[in-house]
Every structure is written in C-alpha cells, then in structure tokens.
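Below is one structure, written out as structure tokens; the observations come after it.
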Amino acid sequence: MLDKPTPKIYSKKEKLYYLGGDIMLSPVFTPFIKNSPISVMARGLMEKVLNPEQLDEWFENTAKEQYTRDLLFSTLFYLMSQVVQGSQRSIHAAFQASKEDIAVSVTSIYNKLNGMEPSTSAALVRYAAEQVEPIIQRLLGKQNSPLPGKRIKLLDGNCIEKSHHRIKELRSIASGPLPGKSLVVYDSMLHLPIDVFPCEDGHAQERSLLKTVLETIVADDVWVADRNFCVVEFTCGIDKRDAWFIIREHGNYPLELIGKEKYIGKIETGTVYEQPIRVRDEAGEEHAFRRIRVKLKGETRDGDTEIFIITNLSKSAANAKTVARLYRDRWTIETAFQRLAEYLNSEINALGYPRAALFGFCVALVAYISMSVVKAALGSVHGVDFIERNVSGYYIANEIEGVYQGMMIVIESDHWVVFRDMPESDLVRLLEELAGNVKLSKYQKHPRGPKKPKPKRVAMKNKPHVSTAKILAERKKS
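If you read the sequence shown in full-length UniProt numbering, its first letter stands for residue 1, the second for the next number, and so on.
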C-alpha cells in the first residue's frame, strides 16, 4: 500500500508562501505557482476532495463484493489516475514506478481491477461530483438559468472502443471486443458530469439501462436526451415522478396528435411550430405532452430537414423556442465525450475485462470533473464565456500531464496535506488567486476553418503501395 503522508511542520525560520488572508503554502510551491498554477490547482483539489484516507473510508462504506486486505482502493485509484492523465502509459508502468510503496504484486493489482464492481465505479463519479459541486457554485456564483428553479440534466450514451485481444478466449476472434458501455449524466450549467450508469455488456441496448436511470429521477429535474431515449416507459416515467423532459421524437414513438399545429416563430437554427399530443403509458394512463417541430435552415448530419421534440414542460415554464434551444444545447455532452477522448486516456485498450475498462472510464470522468473545477476557477476570474471561447482544455490537460511527475518529486506528499483541512471558502479564494496567475496565452484555442471535402481516391492497378517521397518529388517538378 502507499504510505500515508503526515502534515509538514514548519519552523518559525521557514518562509511560507502567502496567498492572502490565512492561506499559506510551503515555499516549495513558489516556482509551480509562478510557472504552472493550473497543476497546483488540479493536484490541490484532488488532495481536498479525494485524498487516500477519504477514498479508502468511502470505499469501505460503498463496496458490496470487494473488501480491503493488503491492497487499498486509493492505490488502485492512484495508479489508474496516472494512466488516464497520461503521466504513465499503462497500469504496469504505473505499478513499476511505485513498486516499493505497494505491498502486493502486479497480478493482485490486475485481479482487483478486473473484479471492480460497476456500481462502485459509478458511485465514485457521483461522489466526486458531489464533493466539487459546492466549490464550482461558489466559483461561478449565481447563473442565469433558462429554467429557473429546475436542474437541467443531459443524458447520452458512450460505448467504450474495442480492446486488445489479450484475453485467452479473444485471441482467435477477429472481431473487435467491446468491454462495455455506459450512460452519462451531465449538468449543463456546471459543465460537469454528475452520474454514470455502466454496463458490462458491450452489445446491450442503451434503453435497457433506462430503468436504472428512472430510479434516480427527482422532482423538477429536466432531462434532455436524443431520440434513442424516446420510449414511453422513460418519458411517462419521468412525468409520473413530477420531473420534466425534452427529448427528440423517435419514429416509433406512439402518440396521438390533438388539434392543429401552430406557427411559433424563428430561432437561430430554423422555424418553430408547436402542437399538443397525447400519449398512453403501459397501464393505459393518458399523458398530455407537447410536440415541437423545428424546420431547419440546413440539413443535419443524417440528412434531416426537420426535427420533432417531445416535452412535458408547460408553456409557462418554457415556450417552444426555449425548448428547441435547450435541445440544441445537448451537443455539450457530446463535446464532453470528445474532450474525454482528446484530453484524457478515457478508453484504455489494454484493459479487456469489462469491469477494469469501466473503472478506467469512470476515473477519466473524475479527472474531467477536476478539470471542470479548474475551468470554473479561470471563469470566475476571466469570465466564463471568455474561457469557453478561448481556452483549450487540451492544453490544460497537456500541462498537467507534463508537469505532474516533476512536481510530485519536488513537492513531497506531506506538503499537500494542507489542502485537506482547508475551509471551502479559503480553497475557493486560493483557486481564484492561482487562476489570476495563469498566463492564458499558453492555452489559447486555435479553431480550424471548415473542412475541405475529401477528393475521390483513384485506384492504381498493380500498385498496392506508393512511395510518398516519389509523390512529393513529382510535386516539385510540377
């Protein structure tokens, strides 16, 4: 197991680094506060909300099948975090780097990972989100919600990409093995993944997980989802729980049109119409919903010229234009998945066992949660809209990855303990102070222009390969 750090006691002669008020850090932090404050923010936050003692206590209270003997849960989380963040290339490499501090073999590490309960992995994401939510709310302050008094939750599915054929039974199979999938819930106001519903079966329908999702729904939540989740059981189940939904209509969704469709007006993406509908659930109970049609200015990537959106929100709570805009904003969860793939190693191909792969994905979500706090701190100082438009999460993740190992060598574990007992108000002030030291030009986005259409490729008979050097030489001649 990894050794637990003890708080560092400073002598009166040692000079502490002050960040206003009662906030003080060891002088060893000084060069990192100056040159990489984002790395200090990320590491300090993890010490505050997910330190080893905290994680191990949480695991003992959460796990149902697994238990702790010689290998602590915090050790597994520490090893997986290094792989997810890119500071180590594999679990084995992370183990090798900390071998002297771990009292078990690498085989025990993999056995523990392969047996990690999906429910524990999911609970870890929920726990991390709950820990940072009040911090983000303090950083961002009161925001203008499009639906005051309601929490908007975006729901979407993610399938972990195929793994290597390392498991014995897979070595003779040419097909790509899928180690699992999950549904992820994303808070659009906090820019934060807050829940996940993992599934070990890579071929399972996403809809098969909706019963579990329904169990978590509370009154006044607003669920926004794509048409794959437009099923009677889910929409009517949300309605029965005094919650709300905005979901794109599926072609097989059974509805009854009532009255005439009304023209509402125009929004950025097209023309909006509205019509009341009636839906009967499995028990025969009737539900009165609204159907919003948006006649698009341009085609979707699937070639659709119009889309239909179903909602149970009343007109007084959200007019048709607001509903259409809220559905349009669901792309933010797809962007989050894209960022997970680009910034973090969220799908570790070497982990073929479903439980290990799902744990890796959930640890990546926790790392994304940490980055969300960093961006919230930057937004509190420089403006949320400015950070969203101009700051690249890729460069933030890249700096954390590049600095982390060296920073942990210079700043030993006992120096970080100060973050554990730091009051939330002081932590927020510290994050804002560090955010003010960030040189934003280092993380500038560079949006590319529109993609050029791909030219048609010409097949060259009797030439399965070509020499790139010869092709470039021909370019020079011409």
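A virtual CB, placed ideally from N, CA and C, is assigned to each residue, including glycine.
Tell me which residue opens and which closes the alpha helix (DSSP H) that residue i is part of.
i, result
"H415", "413-416"
"P148", "Where P148 is concerned, there is no enclosing alpha helix (DSSP H), given that its DSSP letter is neither H nor E."
"G352", "Note, G352: premise wrong, no alpha helix (DSSP H); not H, not E."
"K266", "From DSSP, K266 is part of no alpha helix (DSSP H) but of the beta strand (DSSP E) over 262-267."
"N35", "30-35"
"M408", "393-410"
"I136", "118-140"
"residue 519", "In the structure as shown, the chain begins at 1 and stops at 478. Residue 519 is therefore absent and cannot be evaluated."
"K477", "468-477"
"Q54", "52-62"
Is it buried or exposed, residue i, if we count other Cβ atoms within 10 angstroms and call 16 or more buried?
i, result
"V410", "exposed"
"W331", "exposed"
"F386", "exposed"
"I369", "buried"
"N252", "exposed"
"V272", "buried"
"V279", "buried"
"R301", "exposed"
Is DSSP giving residue i helix, strand or coil here?
i, result
"K297", "coil"
"M41", "helix"
"L16", "Any reading at L16 needs caution, since the residue's pLDDT is 48, under 50, leaving its predicted position unreliable; the model's value is listed next. In this structure, L16 counts as coil in the three-state DSSP scheme."
"D3", "For D3, the predicted model reports a pLDDT of 48, less than 50, meaning its position is unreliable; a value from the coordinates is still stated below. Residue state, collapsed to three classes: coil."
"K88", "Strictly speaking, residue 88 in this sequence is Gln, with Lys absent from that position. Coil, per DSSP."
"P198", "strand"
"Y443", "helix"
"L71", "coil"
"E388", "helix"
"Y273", "strand"
"M422", "coil"
"L257", "strand"
"Y10", "Legend: pLDDT at Y10 = 43, less than 50; position of this residue unreliable, value from coordinates given subsequently. If DSSP states are grouped into helix, strand and coil, Y10 belongs with coil."
"E432", "helix"
"L365", "helix"
"E215", "coil"
Report the residue from the options whose alpha carbon sits nearest the alpha carbon of residue i.
i, options, result
"A174", "G180, H165, S182, K181", "H165"
"S314", "W244, G237, P37", "W244"
"R138", "K375, S425, R290, K454", "S425"
"E334", "L257, V224, I400", "V224"
"C230", "R291, S392, N390", "R291"
"I307", "E274, E256, N390", "E274"
"H250", "N144, T235, D242, L71", "T235"
"E200", "V403, K439, G352, E474", "G352"
"R126", "P177, N158, V184", "V184"
"P179", "I471, G360, I258", "G360"
In the DSSP assignment, what are the bridge partners of residue i?
i, result
"P193", "Y186"
"V279", "H287"
"T311", "I246, R290"
"R156", "The residue asked about is misnamed: residue 156 is Asp in this sequence, not Arg. Note: D156 sits in a beta bridge opposite V184."
Which residues mark the beginning and the end of the beta strand (DSSP E) in which residue i is found?
i, result
"residue 487", "There is no way to answer for residue 487, as the model of the chain reaches only from 1 to 478."
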